[in-house]
Every structure is written in structure tokens, then in C-alpha cells.
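Below is one structure, written out as C-alpha cells; comments come after it.
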Ligand code: UD1
Ligand code: UDP
């Protein structure tokens, strides 16, 4: 019988980043794949599965509105355990730093099933930021048997913490595999206003925000910054696909209500979002995944956070940390829209996060872990 690899995921970014790996496991001659969604995100998760044609084998359906971290974590632990008991996988893959991923890693560990951590080794260095993700990813590293690190820097972080070098493989980030897949597809925008903005030739500012540590004052500041930019620059179109989290919507949206050049839309399907990133002039975000994708598409990214666990694009010069102070955000966006040189220095396509082949490296490493294959060389190795 072929070794069985179970992939567990629950939020939008996890779904995007596991999709290439799930496809590569399915394509493997020596592994058998099975998928479990926790449903931590309901609509945003289903939207991604649809884009990649994935029909999960099991759905734990854990989401509740305004879910607390502990309740969510406990539900994943409790509902995943019977699935582990009945499927008896030989390895469990978790991705990133969400409550789903750390709870699933712990549930697998409790059953002595080896944990494979996809996107391992990211560190901001501040346990409280991003919250609770920095703690989640450190905890998962303590439980994992195989660490699929996206960059040489993330590998170094793991080695510094005492993870044996033999347990770490540098694969690149599967988000680049997913991105290259969807940008190659033709796309049409379902929202008519977004479609018009894309077809126009004016400057377009693409904005996303959701970070828990910015709830409240930080998010209100982001809303004020967008209102100021929209008022001062009537020719600028701001597109804000609003995260479904009600805390985010309540804090950001009132400030931009009624402004004709701010398009607040529902979360976009991944292919639409990728094409919109490509069409945009500047990206303003607090997202992890967007920080990784936009540099590949040659877009300057202003990150509304004080620190990042993704320093590679900052070093490459395409990402800049701007925090959540509205005056700073307005000044930084203004600078990029007014100063050609400043813009050109940031708008260079770089690929610090992968070459589009992270999933095949990851699957080879999993096959090696389970004694049915050999590893490929590290990315850049
Ligand atoms: C979660 C992850 C965060 C990740 C982010 C990506 C944790 C603790 N947080 O944050 O690491 O960066 O996802 O977006 O794991 N909701 C819906 N429908 C959806 C999705 C969310 O209604 O499809 C609402 C629900 O009311 C839910 C709330 O948003 O309770 C918050 O969702 P949750 O997953 O707890 O936190 P996020 O802030 O989305
Ligand atoms: N994304 C999307 N539709 C949107 C906004 C974002 O498909 O309307 C994608 C984006 O391309 C990236 C991912 O969602 O791959 C990022 O998700 P999010 O910001 O929610 O989470 P994070 O990456 O911060 O954990």
C-alpha cells in the first residue's frame, strides 16, 4: 500500500499555498493523498478550492462568527482527531501559521504521526507580532518532523533554533507555484466597477487589511488614510476587497463610505486578485501572501505593519514597512505616485520567494521522509 499523506488546511492563504502541493501529491506514483479542510474560513476557503478544483475528502466545518482563538483551536483538535483515527495517515502536512495549522500539527503529534510543515522557519522575532501567528509557527516548528522552508533565510532561522539540518529542505514558497498558475489563465472580473477600473488607464491602489494586531485603532487609521488619499487624488482608484472578518469591516469601512473612487468589494477569486495585482500601480497591504506575490509581478508593496517575517523582498527593495499611522501611509503612497524615481526603484520584478517548483521539491522531500523516494536539491542549492 502506498503511504498516505493527509493535508489539513482551513483559511484562504493556506488553501492557495497547499493547492500546488495537493496536486503534486496526487500526481505522485508512490504517495496517496487525502485532504481535510477545517473550514476555519468558510466562504474564502471554498472560493479557493473552487479555483483549483479541489474537493476536500473531509470537512470539519469549525467556523463560527467572531470565533475566539482558543475556541477555534480546541474545535480543530477535537474534530480532527477522529478523522486521524479512521484515516491513519503516514504523514500530516500543515501550512504556515494559522490556528488550523498549529492545532492540526498538535493533533497529529498526539497520534505520533509525523508532521510536515510547509512554509517553515518564518520569524518576525517578536512573539506578539504578528499575533498569534509568530507563536503558532514557532510551536509548529517544535512538533514537525520535516520542515519545508521557502528561503535560505527561513532555513537559517530553523537551524539557529536547533532544528537538525537534515530535517530542513529549501523548496521556495508554493504561493509562487499557485500565482504562476493563475496569472497564466484568462480572467474576467465579475464586479463591473472593478472591471472598468482595470480597463481604464488611471492609477490603481490595491488595498487589503486584516491583521489581528491592528484591530481597533490601527484599522481605523488605515480607513482614515484611504479617505484622505481618495479625497486628495480624485483620479486615483482605490480597490479594497474587504476581508470577511466583521471586526475589520467595522473599523475600516465607515471612513470610506460614499467616496466614489474607493471600490469596496467582496473578496475576489484568486485569479481575479492576481490579475488585479498585476494591473495595479501600488499595493498597500498587511497580508503575508500578498507581500510574497506582488514582487514577482513587479509591483511596489507598502506593508502596513511594524515588522515582517518576510524580509527578503524588503532587502530586494520592492517592499517597504509603513506601519498603520495614517499620515505615514498617505505620505508613502503619495511619494510613489508622484516621484517617478522612487517608484521605479521599487517596481522591479524579483522572485525572492520561489521559482514555481516548490511543490515538486516538497513532494520529493515527503517521499524521502516516508522511505519511498529521494530528495531534490534545495532551491538555489
Ligand atoms: C486568519 C488567521 C490568520 C491569517 C488570516 C488570513 C488565525 C488565528 N488567523 O485570520 O493567521 O493571516 O486568517 O486571512 O488563524 N469570516 C467569515 N468567512 C470567511 C472567513 C472569515 O465570515 O470566509 C469571519 C468569521 O466571522 C470569523 C472571522 O472572520 O469568525 C475571523 O476569522 P479567523 O480565521 O478567526 O481570523 P482571521 O482574522 O481571518
Ligand atoms: N487574495 C485573494 N482575494 C482577495 C484578497 C487576497 O485571493 O480578495 C489572496 C492573495 O492573493 C494572497 C492571499 O489571498 O495569496 C492572502 O490572504 P490573506 O491576506 O487573507 O492572508 P495572509 O497571507 O496575510 O495570511
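Residue numbers (this note's numbering): 1 to 381.
Ideal Cβ positions, reconstructed from N, Cα and C, are used throughout, including at glycine.
In this text, all values refer to a predicted model and were calculated from it rather than measured experimentally.
Which whole-angstrom value describes the C-beta separation of residue 141 and residue 120, a residue pair presumed to lie in contact below a C-beta threshold of 8 Å?
-> Here residue 141 refers to the residue found at position 141 of the chain shown. Here residue 120 refers to the residue found at position 120 of the chain shown. Yes, they are in contact, since the Cβ atoms of residue 141 and residue 120 sit about 6 Å apart, within 8 Å.
Applying the criterion that 16 or more other CB atoms from any shown protein chain within 10 Å of the CB defines a buried residue, is residue 396 buried or exposed?
-> Outside the shown range of the chain, which is 1 to 381, sits residue 396, and nothing can be said about it.
Between residue 237 and residue 204, is the Cβ-Cβ spacing less than 8 Å?
-> Here residue 237 refers to the residue found at position 237 when the chain shown is read from its first residue. Here residue 204 refers to the residue found at position 204 when the chain shown is read from its first residue. Yes, they are a contact pair.
Please classify residue 353: does DSSP put it in a helix, a strand, or coil?
-> Sequence index remark: in the chain shown, residue 353 carries index 353 (1-based). Residue 353: coil per DSSP, three-state reduction.
For residue 241, name the three-state secondary structure that DSSP assigns.
-> Along the chain shown, read from residue 1 onward, the residue named residue 241 stands at position 241. Strand.
Could you check where the alpha helix (DSSP H) with residue 253 kicks off and where it finishes?
-> The sequence position of residue 253 within the chain shown is 253, counting from 1. It spans 246-256 - the alpha helix (DSSP H) in which residue 253 sits, taken as one unbroken run.
Excluding the 5 residues preceding and the 5 following residue 59 in the sequence, name in chain order all residues of the same chain whose CB lies nearer than 7 Å to its CB.
-> One-based indexing of the chain shown puts residue 59 at position 59. Hits under 7 Å: 37, 39.
Please state whether DSSP places residue 149 in a helix, a strand or coil.
-> Along the chain shown, one-based indexing puts residue 149 at 149. Strand.
Looking at the unbroken beta strand (DSSP E) that takes in residue 36, where does it start and where does it end?
-> Translated into positions along the chain shown, residue 36 becomes position 36. 32-37 is the extent of the beta strand (DSSP E) around residue 36.
Contact test: residue 63 Cβ vs the ligand UD1 heavy atom, cutoff 7 Å = Taking the chain shown and counting its residues from 1, the one referred to as residue 63 is at position 63. Yes, Cβ of residue 63 sits closer than 7 Å to a heavy atom of the ligand UD1.
For residue 303, is the classification buried or exposed, using 16 other Cβ atoms within 10 angstroms of its Cβ as the cut-off for buried?
-> Residue 303 sits at position 303 when you count from the first residue of the chain shown. Classification of residue 303: buried, given that the 10 Å Cβ count is 16 or more.
With burial defined as no fewer than 16 other Cβ atoms inside 10 Å of the residue's Cβ, what is the status of residue 30: buried or exposed?
-> Numbered from its first residue, the chain shown carries residue 30 at position 30. Exposed.
Report yes if the C-beta distance between residue 241 and residue 267 is below 8 Å; otherwise report no.
-> The residue labelled residue 241 in the question sits at position 241 within the chain shown. The residue labelled residue 267 in the question sits at position 267 within the chain shown. Yes, these two residues count as a Cβ contact at 8 Å.
For residue 288, which option in 223, 95, 112 has the closest C-alpha, if you only look at C-alpha atoms?
-> In the chain shown, the residue the question calls residue 288 occupies position 288. Cα-wise, what sits closest to residue 288 is 95.
Straight-line gap, residue 221 to residue 228 (C-alpha atoms, nearest Å) = Position 221 of the chain shown holds residue 221. Position 228 of the chain shown holds residue 228. If I take the Cα positions, the gap works out to 11 Å.
So is the beta-carbon of residue 208 under 7 Å away from any non-hydrogen atom of the ligand UDP?
-> The sequence position of residue 208 within the chain shown is 208, counting from 1. Under cutoff, so the answer is yes.
Any non-hydrogen atom of the ligand UD1 within 7 Å of residue 97 CB = Residue numbering aside, residue 97 sits at position 97 when the chain shown is read from its first letter. Residue 97 Cβ: within cutoff of the ligand UD1.
Proximity to residue 321 [Cα-Cα], best of 263, 346, 93, 172 | Numbered from 1 along the chain shown, position 321 holds the residue referred to as residue 321. Ranking 263, 346, 93, 172 by Cα distance to residue 321 puts 346 first.
Could you tell me the boundaries of the beta strand (DSSP E) in which residue 320 lies?
-> Stepping through the chain shown from its first residue, residue 320 is reached at position 320. Element bounds for residue 320: 319-321.
State whether the region 329-342 contacts the region 54-70, with contact taken as three or more CB pairs (one from each stretch) at a distance under 8 Å.
-> no
Of the residues 199, 168, 381, which one's Cα is nearest the Cα of residue 366?
-> Counting from one through the chain shown, the residue named residue 366 turns up at place 366. Nearest of 199, 168, 381 to residue 366, Cα basis: 168.
For residue 341, does the count of other Cβ atoms within 10 angstroms reach 16, so buried, or fall short, so exposed?
-> Locating residue 341 in the chain shown gives position 341, where the first residue counts as 1. That one is exposed.
Indicate whether residue 374 and residue 364 have their beta-carbon atoms separated by less than 8 Å.
-> Mapped onto the chain shown, residue 374 falls at position 374. Mapped onto the chain shown, residue 364 falls at position 364. Yes, the pair counts as a contact, with Cβ atoms nearer than the cut-off.
For residue 275, does the three-state DSSP call read helix, strand or coil?
-> To locate residue 275, count along the chain shown from 1; it is residue 275. Residue state, collapsed to three classes: helix.
Alpha helix (DSSP H) segment containing residue 179, residue limits = Position 179 of the chain shown, counting from 1, holds the residue named residue 179. From DSSP, the alpha helix (DSSP H) with residue 179 extends over 174-183.
Proximity winner among 73, 124, 115, relative to residue 98 (alpha-carbon distances) | As a working note, residue 98 is residue 98 in the chain shown. When each option's Cα is compared against that of residue 98, the closest is 73.
Whole angstroms is fine: what's the gap from residue 177's alpha carbon to residue 234's?
-> Your numbering for residue 177 matches position 177 in the chain shown. Your numbering for residue 234 matches position 234 in the chain shown. One C-alpha to the other measures close to 37 Å.
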